[in-house]
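Below: the structure, in structure tokens.
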Amino acid sequence: MSEILRCQGLSKRYGHILALNNVDLTLNSGRIVGLLGPNGSGKTTLIKLINGLLTPESGSVTVCGEKIGPKTKAVVAYLPDNIYLNSWMTVKQIVSYFQDFYEDFRPWLAYEMLEKLDISPNRRLKTLSKGNKEKVCLILTMSRNAKLYVLDEPIAGVDPAARDYVISTIINNYNPEATVLISTHLISDIEQVLDEVVFIQNGAILLQKTVDKIREENGKSVDELFREVFKW
Amino acid sequence: MVKKLYKHEYLAWLRVLPLIYGITLAIAALLRIVLIFENDSLYYGIVFGSAVFVFVVALMVTLASATVFGIQRFYKNLFTGEGYLTHTLPVTPANHLWVKVLTAVSFDILSVLVCLLAGVIATAGEVFGEICKAAEYLIKQIPGEYIGHAAGWTAEVIAMFVVAMFSSQMLFYLCICVGQLFRKNRVLAAVGVYFGIYAISQVVSTVLMVVFAIMGEQGVWDGILEQISQHPIAAVHIVLCGSVVLTALMNLVSFGICHWIIHKKLNLE
């Protein structure tokens with residue numbers, strides 16, 4: 001297992017609010033990691049920093065030993081928590097866009113998944129339902145053969161049946177040598193696929209453990225431990 | 233990778249601009265058709281006046297279209313939801329900036345060419361012939377000693393025209409980027425930055441004019457004015473080339489600031 005992500009002394013402030021406070025985090029390859037925390041705990045901020053969408057106040061982020069830049073962006077597949085694609089584009093155009101920019105993109109896989117969902121590649125994104133738009137975003141992300149997948153709230157706001165689709169899409173399509181970082185607060189839905197969890201609260205890492213260790217040492221499921229740690 | 237950025241940038245522009253160009257050229261053709269039926273009736277006068285008005289509006293829209301679309305595309309593609317994809321592409325901020333500004337300037341030039349073509353269409357036939365004759369007459373009025381420099385001046389004017397296009401685009405990009413340094417109301421901040429830059433440039437130019445005028449009264453410029461009167465052709469070349477270099481330098485400064493903000497201060501909250 002090689003190191004894929006390292007955050008050192010990472011801090012981020014929004015005005016007077018400290019969103020991330022001196023975060024140290026290391027993730028190794030070949031793991032599915034849950035980034036778990038209540039709303040406003042700093043999950044999205046950490047993810048945006050990993051993707052270079054925010055500038056940290058202090059600290060550093062490296063992916064595969066490289067500072068955030070074109071080289072890391074070529075190996076990180078990111079799914080934001082909002083729909084970020086150009087709505088005027090057709091699905092086919094978006095697939096072609098990903099194919100042009102990401103060398104690890106597998107168009108055949110994208111078309112295969114689109115066909116299974118009965119989404120025509122010729123449809124414009126703006127004509128799709130919100131749920132289908134989210135699925136297209138997920139398909140595009142998971143069609144990459146990336147080294148690090150960063151998925152921000154992929155199951156938030158979707159119905160239970162769609163959650164199963166999202167989880168199975170992640171499990172069936174990610175590169176097994178890669179790391180998948182999934183941010184969510186819906187633990188019970190995702191727990192069965194996680195190898196490791198990171199608890200985050202008020203911008204600080206509270207815990208980083210494997211799921212097996214949590215069960216072994218705490219005698220609890222991740223969901224139970226989460227409820228205990230983040231109890232109001 | 234940069235070629236692919238250009239490809240997708242041009243595709244986005246080609247979705248909108250050709251439609252505007254097509255409408256402008258169609259209006260020009262319509263105006264030319266109206267001219268065929270020229271007569272002294274009041275009805276014709278109203279139709280002709282309306283056609284000319286629509287044509288002028290179309291020309292103005294065409295000339296402004298590249299700048300307006302360039303601003304909208306720059307902001308939307310880099311600093312709204314689309315930025316999540318744009319900034320996670322494996323390319324550098326400099327690549328993004330160059331592609332945005334060069335595409336906008338190329339469409340700025342295309343817009344001017346479309347307007348010229350629309351002018352040719354609207355005046356095709358006798359009127360265009362008259363315009364050509366008038367232009368020929370004006371060219372003949374140029375003293376012989378200046379004719380030899382016409383090619384150089386034309387190149388300098390074209391260069392000035394192109395750097396001015398870069399300048400207008402870069403100014404807006406600079407305002408948008410500086411606006412991103414604010415925590416809230418970033419669009420409003422960008423508008424504020426625009427007026428701030430305008431106000432500062434006005435103050436600086438006024439101060440410089442006053443200073444130069446005082447220096448002129450003290451005879452500081454006498455030597456230079458004498459040189460200009462002795463070598464007017466060289467003076468025009470120096471002024472044109474100097475303007476090109478100065479504007480290009482200002483563009484580079486704007487580009488540098490935009491690059492620094494996108495590279496070091498990006499905050500897509």
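First to last, the protein sequences are chains G and H.
With this note's numbering, the residue at position 36 of the first sequence is 36, and numbering never jumps.
Counting from 1 along the second sequence, just add 232 to a position and that's the residue number in this note's numbering.
Beta carbons are placed, not taken as given, at the ideal position from N, Cα and C, and that holds for glycine.
Under 9 Å from the C-beta of residue i: neighbouring residues of chain G
i	result
Val352 (chain H)	Per Cβ cutoff of 9 Å: no residues; Val352 (chain H) is ~33 Å from chain G at best.
Arg418 (chain H)	Those do not exist, as Arg418 (chain H) stays about 13 Å from chain G at its closest Cβ, beyond 9 Å.
His491 (chain H)	Here the premise fails: no neighbours, minimum Cβ distance about 14 Å.
Leu277 (chain H)	For clarity, residue 277 (chain H) is Gly in the given sequence; the question names Leu instead. By Cβ distance, chain G contributes nothing, its closest Cβ being about 43 Å from Gly277 (chain H), past 9 Å.
His319 (chain H)	Asn51, Gly52, Leu53 and Lys73
Gly313 (chain H)	Pro80, Asn82, Ile83, Tyr84 and Leu85
N-terminal and C-terminal residue of the beta strand (DSSP E) that residue i is part of
i	result
Cys409 (chain H)	Counting along the chain, Cys409 (chain H) falls outside any beta strand (DSSP E), though it belongs to the alpha helix (DSSP H) covering Ala382 to Gly411.
Ile83 (chain G)	Looking at the DSSP string, Ile83 (chain G) is not in any beta strand (DSSP E), and its letter there is neither H nor E.
Glu270 (chain H)	Neither: Glu270 (chain H) is in no beta strand (DSSP E) and is coded neither H nor E.
Phe199 (chain G)	Glu196 to Gln201
Leu329 (chain H)	Careful: Leu329 (chain H) lies outside any beta strand (DSSP E), inside the alpha helix (DSSP H) at Pro325 to Ala354.
Gln373 (chain H)	Element bounds for Gln373 (chain H): n/a, residue is neither H nor E.
Leu206 (chain G)	Ala204 to Thr210
Endpoints, alpha helix (DSSP H) assigned at residue i
i	result
Arg163 (chain G)	Pro160 to Asn173
Ala290 (chain H)	Leu274 to Phe311
Ser433 (chain H)	Arg418 to Glu449
Glu253 (chain G)	Residue 253 (chain G) is absent from the structure shown; chain G starts at 1 and stops at 232.
Ile94 (chain G)	Val91 to Phe101
Glu134 (chain G)	Lys130 to Met142
Thr479 (chain H)	Pro464 to Lys496
Met113 (chain G)	Pro107 to Lys116
Glu216 (chain G)	First-last for Glu216 (chain G): undefined, no H or E at that position.
Glu224 (chain G)	Val222 to Val229
Gly315 (chain H)	Gly315 to Thr318
Thr45 (chain G)	Lys43 to Ile50
Leu243 (chain H)	Val234 to Leu246
Any non-hydrogen atom of the ligand ZN within 8 Å of residue i CB
i	result
Ile363 (chain H)	By its list of ligands, the structure shown contains no ligand whatsoever, and the ligand ZN lies outside what it can speak to.
Those residues which DSSP pairs with residue i across a bridge
i	result
Leu181 (chain G)	G:Val33 and G:Val150
Tyr14 (chain G)	G:Ile17
Lys67 (chain G)	G:Thr62
Ile252 (chain H)	For Ile252 (chain H), which the question treats as bridged, DSSP gives no partner whatsoever.
Glu3 (chain G)	G:Asn28
Asn499 (chain H)	G:Leu54
Arg124 (chain G)	G:Thr90
When the options are compared against residue i, the one with the closest alpha-carbon
i	options	result
Trp330 (chain H)	H:Ser461, H:Phe398, H:Leu478 and H:Ala466	H:Phe398
Ala77 (chain G)	G:Asn202, G:Leu140 and G:Glu3	G:Leu140
Lys147 (chain G)	G:Pro176, G:Lys209 and G:Gly34	G:Pro176
Phe487 (chain H)	H:Ala421, H:Ser400, H:Gly428 and H:Leu420	H:Ser400
Met233 (chain H)	G:Phe98, G:Asp24, G:Ser87 and G:Asn39	G:Phe98
Asn82 (chain G)	G:Gly131, G:Asn39, G:Pro121 and G:Asp164	G:Gly131
Val23 (chain G)	G:Leu49, G:Lys126, G:Ile170 and G:Met89	G:Leu49
Lys497 (chain H)	G:Ser129, G:Tyr14 and G:Gln201	G:Tyr14
Leu53 (chain G)	G:Cys64, G:Gly30, G:Asn39 and G:Thr72	G:Thr72
His381 (chain H)	H:Pro464, H:Leu246, H:Ile268 and H:Leu263	H:Pro464
Phe491 (chain H)	H:Leu246, H:Leu472, H:Val293 and H:Cys409	The amino acid occupying residue 491 (chain H) in the given sequence is His; Phe does not appear at that position. Nearest of H:Leu246, H:Leu472, H:Val293 and H:Cys409 to His491 (chain H), Cα basis: H:Cys409.
Asn499 (chain H)	H:Phe444, H:Gly424, H:Asp340 and H:Leu310	H:Leu310
Leu472 (chain H)	H:Lys236, H:Val394 and H:Gln412	H:Val394
Val301 (chain H)	H:Phe269, H:Tyr405 and H:His319	Residue identity differs from the one stated: residue 301 (chain H) is Phe in this sequence, not Val. Ranking the options by Cα distance to Phe301 (chain H), first place goes to H:Tyr405.
Leu403 (chain H)	H:Tyr378, H:Gly384 and H:Tyr430	H:Tyr430
Glu241 (chain H)	G:Leu194, G:Gln93 and G:Ile205	G:Gln93
Trp385 (chain H)	H:Leu440, H:Ser475 and H:Thr312	H:Ser475
Lys209 (chain G)	G:Ile4, G:Leu27 and G:Gln8	G:Leu27
Leu243 (chain H)	H:Phe339, H:Met441 and H:Ala354	H:Phe339
Contact set between residue i and chain G, taken where Cβ atoms lie within less than 7 Å
i	result
Leu249 (chain H)	Result: empty, since nearest Cβ-Cβ is about 14 Å, beyond 7 Å.
Gly411 (chain H)	Within 7 Å Cβ-Cβ: nothing; Gly411 (chain H) doesn't reach chain G, min ~16 Å.
Thr438 (chain H)	The contacting residues do not exist; Thr438 (chain H) stays about 37 Å from chain G at best.
Thr479 (chain H)	The contacting residues do not exist; Thr479 (chain H) stays about 31 Å from chain G at best.
Tyr238 (chain H)	Result: empty, since nearest Cβ-Cβ is about 11 Å, beyond 7 Å.
Tyr316 (chain H)	Leu53, Pro80 and Tyr84
Leu348 (chain H)	The contacting residues do not exist; Leu348 (chain H) stays about 30 Å from chain G at best.
is_contact[residue i, chain C] using C-beta, thresh 9 Å
i	result
Lys497 (chain H)	Of the protein chains in this structure, namely G and H, none is chain C.
Listed by chain order, chain H residues near residue i by CB distance under 7 Å
i	result
Gly15 (chain G)	Arg415
Interface residues of chain H facing residue i [CB-CB closer than 9 Å]
i	result
Pro70 (chain G)	Met233, Leu321, Pro322, Val323, Thr324 and Asn327
Neighbouring residues, chain G, relative to residue i (Cβ below 8 Å)
i	result
Lys332 (chain H)	Under the 8 Å cutoff, chain G gives no residues; its nearest Cβ is about 15 Å from Lys332 (chain H).
Contacts that residue i makes with chain H (C-beta to C-beta distance below 8 Å)
i	result
Asp100 (chain G)	Lys236, Lys239 and His240
Cβ pair count under 8 Å reaching 3, the stretch 298-311 of chain H against the stretch 321-339 of chain H: yes
Check whether the stretch 478-491 of chain H and the stretch 20-38 of chain G are in contact - that is, three or more C-beta pairs closer than 8 Å. no
Three Cβ pairs or more, each shorter than 8 Å: is that satisfied between the stretch 221-228 of chain G and the stretch 185-195 of chain G? yes
Do the stretch 45-61 of chain G and the stretch 275-283 of chain H touch if we need at least three Cβ pairs shorter than 8 Å? no
Three or more beta-carbon pairs under 8 Å between the stretch 252-266 of chain H and the stretch 341-349 of chain H, yes or no? yes
Specify whether the stretch 318-326 of chain H and the stretch 413-423 of chain H touch according to this definition: at least 3 beta carbon pairs, one from each stretch, less than 8 Å apart. no
Sufficient close CB pairs (3 or more, under 8 Å) joining the stretch 362-377 of chain H to the stretch 268-276 of chain H: no
Decide yes or no for the touch test of the stretch 147-156 of chain G against the stretch 119-128 of chain G: beta carbon pairs closer than 8 Å, at least 3 of them. no
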